[in-house]
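Under the working numbering, the first residue of the sequence shown is numbered 6, with each subsequent residue one higher.
Heads up: the structure comes next, in structure tokens.
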Amino acid sequence: MDSGISERWFGLFFIISGALGTWSLGLVGGLPLAVGILSIAAAEKNTKS
């Protein structure tokens with residue numbers, strides 16, 4: 006299993022928890038959402054290069 010896959014799941018987990026957190030907590034919940042998007046973007050970049 007390559008690291009790109011696990012990074013994507015990690016990012017996806019953050020996006021889901023961030024989306025739920027944004028819905029319930031507002032701005033604070035948006036932080037894990039941003040972290041998840043960035044980690045998926047990093048995983049995409051790493052697998053392409």
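By construction, the Cβ of each residue, glycine as well, lies at the ideal position given by its N, Cα and C atoms.
Remember, predicted model here, so these are calculated numbers, not experimental data.
Discussion item. Taking the alpha-carbon of SER22 as reference, which of GLU12, VAL40 and SER11 has the nearest alpha-carbon?
Written reply: Shortest Cα-Cα distance from SER22 to any of GLU12, VAL40 and SER11 involves VAL40.
Worksheet item: LEU38 to PHE15, Cα distance in whole Å?
Response: Answer to the nearest angstrom: the Cα atoms are 11 Å apart.
Worksheet item: For ILE20, which residues of its own chain have a beta-carbon under 7 Å away from its beta-carbon, when the five flanking residues on both sides are left out?
Response: Closer than 7 Å at Cβ, skipping near neighbours: LEU38, GLY41 and ILE42.
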